[in-house]
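Peer 1:
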Amino acid sequence: MRTPDRDRARPVAWTTMGAWLRDRLPEHVDVAGMLAQERFVGEDGRPVREDDPYAPHRFVWFHRDLRDEPEVPGEIHVVHRDERLVVVDKPPFLSSIPRGRHVRQSVVVRLREELGLPELSPLHRLDRVTSGLLMLATEARWRGAYQTAFERRAVRKTYWALAPLRADLELPVDVRNHIHKERGTWQAAVVPGAPVNAETRVELERAVGGRGVYRLTPRTGRTHQLRLHLLGLGIPIVDDPLYPEVRDVTVDDFTRPLQLLAGELAFPDPVDGTERRFRSVRRLPLAAGG
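Residue 1 is where the sequence shown starts when you use the UniProt record's numbering, and the numbers rise one by one after that.
Here's what the structure looks like:
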């Protein structure tokens, strides 16, 4: 980890390294215990102390114990693989990157070993509870071009969601508003009157089992954007653990997958200009077990 020069989101800077570590790491990490055991070290190899003054641009290294992680059910389908890209169709509940309580059970850790690609890294975000397409670079040298394509919105993303039907809802509709998420909170929120930073096209594709399968075309990529936009239309996504209310679900409960599928990616390849299009092999409704 590297200490930043400052944190614009906080009016008061950290005064000690201990304070920064507590703020930086998840609540379940025993920072005090690890400091006492001298498990945080600086670039010079010396232990980081609780009351060491905070220093910017400093690297801190540590090794923490990993919990026993239950295997996430479901297959990681490799949809496409070439010299530059790997595109996978991931099951719900599998984290894209090693993070928090999910380290071994993540797409990156599993596929680096399975595919023999030690530099494999994701090019965009996909929530742990969301299923579908995730695109990764095979080597660090390819990341810049493809990440820039995502940043410039040259990659067209299409999602499908299972949600209630509303006879009075006029579709298609473009949802435009401002979404903000505070660090450390579970839910994001719509901020009325603020400048628009989130936009989604919502279309009803078909009905199934008394519910609707909705085609979602996001033009922006805010955290929980699709989930909040359907909630705002009065059609929250089926089995969403956060909206409209946070459900008391354990982290290893894989029984009710969020019915949201990252179904399609399409873009002109920034390296050779060819048109790329990838489609998920999964279909709604998503079953437990991937």
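Where a beta carbon is used, it is the ideal one built from N, C-alpha and C, also for glycine. From a predicted model like this one, the values you see are computed outputs, not experimental measurements.
1. Considering Glu151, what are the terminal residues of the alpha helix (DSSP H) in which it resides?
2. Go ahead and label Thr130 buried or exposed: buried means 16 or more other beta carbons lie within 10 angstroms of its beta carbon, across all protein chains shown.
3. Counting beta carbon pairs with one atom in the segment 49-63 and one in the segment 248-262, are three or more of them shorter than 8 Å?
4. Locate the alpha helix (DSSP H) running through Ala19, then write down its first and last residues.
5. Rounded C-beta distance between Leu226 and Ala163? I'm assuming under 8 Å.
6. Whose C-alpha, out of Gly209, Gly221, Ala188, is nearest the C-alpha of Arg201?
7. Strictly by DSSP, which residues pair up with Tyr214?
8. How should Val281 be labelled, buried or exposed, when 16 other C-beta atoms within 10 angstroms of its C-beta is the threshold for buried?
9. Near Thr106, what residues of its chain come up, given a Cβ to Cβ distance below 6 Å and the 5 sequence neighbours on each side ignored?
10. So, with DSSP's three-state summary, where would you put Glu113?
11. Can you tell me whether Arg283 is buried or exposed, with buried defined as 16 or more other CB within 10 angstroms of its CB?
12. Give every residue of the same chain whose Cβ lies closer than 8 Å to the Cβ of Asp174, excluding the five residues on either side of it in the sequence, and list them in chain order.
13. Quick one: what does DSSP say Pro11 is sitting in, helix, strand or coil?
14. For the ligand ATP, is there a heavy atom less than 7 Å away from the beta-carbon of Asp269?
15. Is the segment 136-150 close to the segment 74-94, with three or more CB pairs under 8 Å?
16. So what does DSSP say about Arg222, is it helix, strand or coil?
17. State the start and end residues of the unbroken alpha helix (DSSP H) segment that holds Gly33.
18. Which residues in the same chain as Asp89 place their Cβ atom closer than 7 Å to its Cβ, once the five residues preceding and following it in sequence are excluded?
19. Quick check on Gly263: does DSSP put it in helix, strand or coil?
20. Does the Cβ-Cβ distance between Leu123 and Thr138 come in under 8 Å?
21. Considering only residues of the same chain and omitting the five flanking positions on each side of Arg112, which have a CB-CB separation below 6 Å?
22. Give me the Cα-Cα distance between Arg276 and Glu151, rounded to the nearest whole angstrom.
23. For the beta strand (DSSP E) containing Phe62, name the first residue and the last one.
24. Going by DSSP, which residues form a beta bridge with Pro53?
25. Spatial neighbours of Gly110 within its chain, please: CB distance less than 7 Å, with the 5 preceding and 5 following residues excluded, ordered by chain position.
26. Residues in the same chain with beta-carbon distance under 8 Å from Val41, minus the five sequence neighbours each way, listed in chain order, please.
27. Express the C-alpha separation of Arg22 and Ala262 in angstroms, rounding to a whole number.
Peer 2: Taking the geometry as given:
1. 140-151
2. buried
3. no
4. 17-24
5. At roughly 10 Å, the Cβ-Cβ gap does not stay under 8 Å, so Leu226 and Ala163 are not in contact.
6. Gly221
7. As a beta-bridge residue in DSSP terms, Tyr214 pairs with Ala161, Leu204.
8. exposed
9. Residue 106 is actually Ser in this sequence, not Thr. Contacts found: Ser95, Ile97, Pro98.
10. Correct three-state label for Glu113: helix.
11. exposed
12. Only Glu199, Thr200, Arg201, Val202 meet the Cβ criterion.
13. Model confidence at Pro11 stands at a pLDDT of 48, short of 50, so the residue's coordinates are unreliable; what they give is reported in the following sentence. If DSSP states are grouped into helix, strand and coil, Pro11 belongs with coil.
14. Absence of the ligand ATP is noted for the structure shown, with no ligands found whatsoever.
15. yes
16. coil
17. 31-36
18. His77, Val79, Gly132, Leu133, Ser280, Val281, Arg282
19. Assigned with DSSP and collapsed to three states, Gly263 falls in strand.
20. no
21. These residues qualify, in order along the chain: Pro118, Leu120.
22. 17 Å
23. It spans 60-62 - the beta strand (DSSP E) in which Phe62 sits, taken as one unbroken run.
24. Thr16
25. Going by the sequence as given, residue 110 is Arg instead of Gly. Contacts found: Ile76.
26. Within the same chain, Cβ atoms closer than 8 Å to the Cβ of Val41 are found at Pro47, Val48, Val60, Trp61, Phe62, the five residues on either side in sequence being excluded.
27. 34 Å
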